[in-house]
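Everything in the sequence shown is counted per the numbering used here, starting at 491 for the first residue and increasing by one.
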Amino acid sequence: MYLPRAFDEADLGALDRLAAADAFATLVTVREGAPQVSHLPVLYAREGERIELRGHWARPNPQARHAGAALAILHGPHAYVSPGWYPDKETAARVPTWNYAVAHLHGQLHTFDDEAALAALVDDLSLRHEARVGGDWRFESERDELRRQLRGIVGFRFAVERIELKFKLSQNHPRANRENVAAQLQAQDREDSRAVAALMRERMAARAPED
């Protein structure tokens, strides 16, 4: 990933918050020189610097036969930035851009298909997401018809070895530009725009002594 120094985020807490907000990942592997891509929910866990993702594929998915190097992408909020929002738009000849947060996690995939581990994974995923929608569905491992459905999936654990965190939030602009962009984004109807504004303000508060 192209990662200019101004946008390089080193705080693993920022990664935690990114995963907590949206753990629907893009998983990329390579087979016979061609990329294979899946989009799927994952469970994120971190202990210190050790990070692991868990998830599963449908068994017919060709990626389910992959073990080894992979890239998982966690997508944060993103928003268009108009050059008209910069106080120095004329003198600096500003142009449109896009602000966003994203994480690239590089590591190793390990697959599994034992019934107990798959049942625990499905239950953990449902617990997380049912709570978000106010539901109470659980995987009932004592039900034969549910256990049989586990044969249709392959689970994975993804051990993260290297992290790239890019938070492109106008850090390369004067503070007046950043403040006005954040204000304009906060006024937008899109939830993502307001989330980007919040990230910008967090970083401006942290950098205040330097500005």
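Glycine is no exception: its CB is placed at the ideal position from the N, C-alpha and C atoms.
Roughly how many whole angstroms lie between the Cα atoms of D682 and A559?
31 angstroms
Which same chain residues end up closer than 8 angstroms to I653 when comparing Cβ atoms and leaving out the 5 residues on each side of it in sequence?
Excluding positions up to five away in sequence, the list reads L502, L505, I541, A593, H594, L595 and H596.
Cα-Cα separation between R544 and R584, rounded to whole angstroms
43 angstroms
For E522, the nearest candidate out of V532, T587, H556 and A569 (CA to CA)
H556
Could you give the distance in angstroms between the alpha-carbon of V623 and the alpha-carbon of S616?
11 angstroms
Could you tell me which residues DSSP pairs with G597 in its beta bridges?
In the DSSP output, where bridge partners are listed per residue, G597 has A560 and V650.
Limits of the unbroken beta strand (DSSP E) element including L530
A524 to P531
Below 9 angstroms between beta carbons: does that hold for H546 and V612?
Result yes, Cβ atoms of H546 and V612 sit closer than 9 angstroms.
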